[in-house]
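Single-structure report; data block below.
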Amino acid sequence: MNLPGPNLEGSPSHIDIGDRKIKIIARSTYPDITIMDNILDEEECCSLIDMASHRLERSRVGDGEPGGYIDERRTSHGVFLPGDECNLVDKLDERIAKLLNWPINQMEDLQILRYRTGEEYMPHYDFFEAAPRKVLSHRSQRIATLVMYLKEPEYGGGTIFPMIPLEIFPRRGSGIFFVYSDPNTHQSKRTLHGGSPVIKGSKWVATKWLNIGKSNEGESNV
Ligand code: PD2
Ligand code: ZN
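In our numbering, the protein residues as written are 1 to 222.
See below:
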């Protein structure tokens with residue numbers, strides 16, 4: 001099966017996607033994780049934060065259920081920014097599609113998240129664990145995640161993979177991409193990950209989820 005991801009054949013120092021060169025910083029193969037820099041520039045990060053900041057709502061969880069629910073495991077606030085609403089989001093969708101070799105119609109809307117001091121996202125999987133028929137009747141399964149850091153906190157807020165174990169420190173413009181595939185399934189338990197509590201300052205990220213099939217119109221975003 002074809003999987004999304006940057007083409008890392010020959011261990012390139014960067015991926016040239018036309019309007020910018022995205023730097024490759026590190027890679028793990030099990031699970032498949034790529035750490036990158038220069039995905040976004042400072043102005044783009046600030047514009048996304050500005051666009052989102054007056055529309056934030058408490059983040060929800062819910063294993064793909066419509067609407068989901070508020071839960072103390074995820075205490076951030078966030079908003080989804082549909083591509084057709086603004087040029088910057090459209091431009092980023094195209095950049096991500098080129099970088100990850102994946103069609104835009106198999107991606108969910110960009111989600112912007114803000115974590116204030118003390119806020120976190122406890123370790124979880126991004127794929128839907130519930131019985132496939134229950135979830136997948138109204139939305140498509142996720143196979144990979146791109147988390148892009150828009151603003152780093154002074155302390156804390158790392159993205160952690162407790163099964164590896166690994167912690168990625170947020171840096172404005174950088175990001176991490178991981179695929180949930182393993183030799184047998186598209187639900188590798190080694191992709192358990194979380195956003196550790198922000199200790200001082202605030203952290204902003206933009207998350208993009210990639211789907212195995214066409215992302216359904218109007219599906220509930222959780
Ligand atoms: O903000 C993060 O570091 C983070 C960590 C884990 C975000 C997500 N998961 C997510 O949005 O799924
Ligand atoms: Zn996640």
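Quick reminder that beta carbons are idealized off the backbone N, C-alpha and C, glycines included. In this text, all values refer to a predicted model and were calculated from it rather than measured experimentally.
Which of helix, strand or coil DSSP assigns to residue i
i       : result
Arg-27  : strand
Asn-223 : Residue coverage of the chain in this structure runs from 1 to 222, which leaves residue 223 outside it and unanswerable.
Arg-191 : According to the sequence displayed, residue 191 carries Thr and not Arg. In the structure shown, Thr-191 sits in a helix (DSSP, three-state: H, G or I).
Leu-100 : helix
Gly-218 : Any answer about Gly-218 is weak, because its pLDDT of 49 lies below 50 and its placement is not dependable; what the coordinates show is given next. Coil, per DSSP.
Leu-92  : helix
Residue nearest to residue i in terms of C-alpha spacing, selected from the options
i       : options                            : result
Arg-142 : Gln-187, His-77, Cys-45, Asp-19    : Gln-187
Arg-20  : Pro-183, Ile-96, Gly-201, Ile-168  : Ile-96
Arg-58  : Gly-68, Gly-64, Asp-50, Ile-49     : Gly-68
Glu-85  : Asp-71, Leu-110, Lys-98            : Leu-110
Glu-154 : Val-179, Ser-140, Glu-167, Gly-201 : Gly-201
Gly-175 : His-54, His-14, Met-36, Pro-66     : Met-36
Leu-8   : Pro-183, Gly-64, Phe-177, Met-1    : Phe-177
Asn-101 : Met-1, Val-205, Gly-5              : Gly-5
Val-61  : Tyr-125, Arg-190, Asn-2            : Tyr-125
Val-205 : Ala-52, Ile-22, Asn-2              : Ala-52
Ile-22  : Ser-11, Gly-10, Leu-40             : Leu-40
Gly-10  : Ile-24, Leu-81, Asp-50             : Ile-24
Leu-113 : Asn-184, Leu-81, Leu-88            : Leu-81
Same chain, Cβ closer than 7 Å to residue i, neighbours up to 5 away in sequence not counted
i       : result
Gly-157 : Tyr-115, Pro-170, Gly-195, Ser-196, Val-198, Lys-203
Cys-45  : Leu-150, Lys-151, Arg-172, Gly-173
Pro-103 : Ala-97
Ile-168 : Ile-35, Gly-158, Thr-159, Ile-176
Ala-26  : Ile-35
Ile-17  : Arg-95, Lys-98, Leu-99
Endpoints, the beta strand (DSSP E) within which residue i is located
i       : result
Leu-146 : 142-151
Ala-206 : 203-211
Thr-75  : From DSSP, Thr-75 is part of no beta strand (DSSP E); its letter is neither H nor E.
Val-39  : According to the sequence displayed, residue 39 carries Ile and not Val. From DSSP, Ile-39 is part of no beta strand (DSSP E); its letter is neither H nor E.
Asp-198 : The sequence shown places Val at residue 198, not Asp. Unbroken beta strand (DSSP E) run through Val-198: 198-200.
His-124 : 121-124
Tyr-115 : 110-115
Span of the alpha helix (DSSP H), counted from its first residue to its last, around residue i
i      : result
Ile-49 : 42-53
Sequence-distant residues of its chain with Cβ nearer than 6 Å to residue i (five each side left out)
i       : result
Thr-207 : Gln-111, Val-147
Ala-144 : Pro-4, Val-179, Leu-210
Phe-127 : Arg-142, Tyr-180, Gln-187
Arg-55  : Val-79
Ligand 4 heavy atom lying under 8 Å from the CB of residue i
i       : result
Thr-159 : Inclusion of ligand 4 in the displayed structure is not the case, the ligand content consisting of ligand 1 and ligand 2 alone.
Cβ of residue i within 9 Å of any chain B Cβ
i     : result
Leu-8 : Within the model displayed, chain B is absent; a lone protein chain is all it includes.
Should the segment 112-129 be called in touch with the segment 191-198, which here means at least 3 C-beta pairs below 8 Å? yes
Do the segment 21-33 and the segment 157-166 meet, that is, are 3 or more Cβ pairs less than 8 Å apart? yes
Could you check whether the segment 74-82 touches the segment 208-215, counting it as contact only if at least three pairs of C-beta atoms, one from each stretch, sit closer than 8 Å? With a cut-off of 8 Å, the segment 208-215 and the segment 74-82 do not count as touching, because too few Cβ pairs lie within range.
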